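Residue numbering for the sequence shown is 7 to 210, as defined by my numbering. C-beta atoms are modelled at their ideal positions from N, C-alpha and C, and glycine is treated no differently. Just so you know, these numbers come straight off a predicted model, no measurement behind them. Step one of this worksheet: look at the structure below.
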Amino acid sequence: MSQKVYVTYNQVHKLCQASADKILNEFHPNLMIAIGGGGYVPARILRSFLKRSGDPNIPIQAIGLSLYEDLGRGDPEEVPGTKVTRTQWLDLSSLEMANLIGKNILIVDEVDDTRTTLEYAVRELQKDVELAQKQLGREGEKTTFSIFVLHNKDKSKKGVLPADMMESGHYHAAVTTDDVWICYPWEAKDIDEHDALAKENPLI
Ligand code: 5GP
Numbered sequence: 007m008s009q010k011v012y013v014t015y016n017q018v019h020k021l022c023q024a025s026a027d028k029i030l031n032e033f034h035p036n037l038m039i040a041i042g043g044g045g046y047v048p049a050r051i052l053r054s055f056l057k058r059s060g061d062p063n064i065p066i067q068a069i070g071l072s073l074y075e076d077l078g079r080g081d082p083e084e085v086p087g088t089k090v091t092r093t094q095w096l097d098l099s100s101l102e103m104a105n106l107i108g109k110n111i112l113i114v115d116e117v118d119d120t121r122t123t124l125e126y127a128v129r130e131l132q133k134d135v136e137l138a139q140k141q142l143g144r145e146g147e148k149t150t151f152s153i154f155v156l157h158n159k160d161k162s163k164k165g166v167l168p169a170d171m172m173e174s175g176h177y178h179a180a181v182t183t184d185d186v187w188i189c190y191p192w193e194a195k196d197i198d199e200h201d202a203l204a205k206e207n208p209l210i
């Protein structure tokens with residue numbers, strides 16, 4: 007079992023805050039897609055820091071992808087699977103997909119581990135948007151995807167992201183970590199114990 011480290015809500019908040027300006031230097035998102043469940047809280051916090059005065063709130067859409075299999079034994083560390091399962095996806099009706107075309111879309115997840123999930127999300131979202139563009143005759147409009155994660159594990163990755171995304175600063179990790187198991191506060195059953203463990207086993 008890999009080493010466990012604990013991250014608090016406060017730290018997550020500050021990581022989002024510290025990342026917002028860096029994201030805005032490269033990219034002004036007009037839509038966020040949170041990968042559930044770990045991307046939901048970071049996406050919501052980040053939105054507060056990305057909002058510019060006078061602009062409306064950036065909408066957040068949700069998709070659910072599962073790679074890790076919960077063994078149901080109350081252990082926060084789960085066992086990696088090999089296949090990404092969609093538990094929730096976008097509404098693919100042309101009315102809804104039209105909202106994505108030509109936009110700057112920020113995909114948010116909590117952690118980039120093997121990168122399998124992010125590869126799947128980017129590839130499938132790009133495919134769906136391209137199909138909608140064709141169907142709606144809007145091929146000329148450029149839709150750009152960017153990624154934000156709280157933590158990127160420094161390890162060899164199974165998944166691959168488009169080279170232009172990586173080279174153009176459209177991938178942002180708040181922190182690069184060793185290959186440890188990160189326990190996030192929203193997974194905690196006892197948040198006081200979690201925060202105490204975070205003091206003993208800090209990541210940052
Ligand atoms: P990947 O596809 O990059 O291997 O894994 C992505 C997903 O696996 C994440 O969205 C997350 O749900 C889960 N995961 C991978 N590593 C960790 C970790 O260290 N801590 C937690 N809590 N989840 C992780």
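Item: Minimum C-alpha distance to Gly43 - residue among Leu106, Ile111, Asp61, Pro191; Value: Pro191
Item: Distance between beta carbons of Asp119 and Lys159, contact taken as under 8 Å; Value: 5 Å
Item: Endpoints, the beta strand (DSSP E) within which Ser99 is located; Value: Looking at the DSSP string, Ser99 is not in any beta strand (DSSP E), and its letter there is neither H nor E.
Item: Limits of the beta strand (DSSP E) - the one that His178 falls within; Value: 177–183
Item: Whole-number beta carbon distance between Lys164 and Thr122, since they are thought to touch under 8 Å; Value: 5 Å
Item: heavy atom of the ligand 5GP below 7 Å from Arg121 C-beta; Value: yes
Item: Bridge partners - Tyr12, DSSP secondary structure assignment; Value: Cys189, Pro208
Item: Distance, Gln139 Cα to Lys133 Cα; Value: 10 Å
Item: Tyr12 beta carbon near the ligand 5GP (any heavy atom closer than 7 Å); Value: no
Item: Asp160 CB to nearest heavy atom of the ligand 5GP below 7 Å; Value: no
Item: Same chain, Cβ closer than 6 Å to Pro82, five either side skipped, listed in chain order; Value: Residue placement at Pro82 cannot be trusted, given a pLDDT of 49 that sits under 50; the coordinates are not used to answer.
Item: Bridge partners - Phe3, DSSP secondary structure assignment; Value: No information on residue 3 is available, as it lies outside the stretch 7 to 210 that the chain covers here.
Item: Beta-bridge partners of Met38, as assigned by DSSP; Value: Ile66, Leu112
Item: Residue closest to Gln23, alpha-carbon to alpha-carbon, out of Ile39, Gly175, Val47; Value: Val47
Item: Simplified DSSP state of Lys161, which is helix, strand or coil; Value: coil
Item: Range covered by the alpha helix (DSSP H) that runs through Asp196; Value: Per DSSP, Asp196 belongs to no alpha helix (DSSP H) and is neither H nor E.
Item: CA-to-CA distance, Ser152 to Ile107, given in whole angstroms; Value: 14 Å
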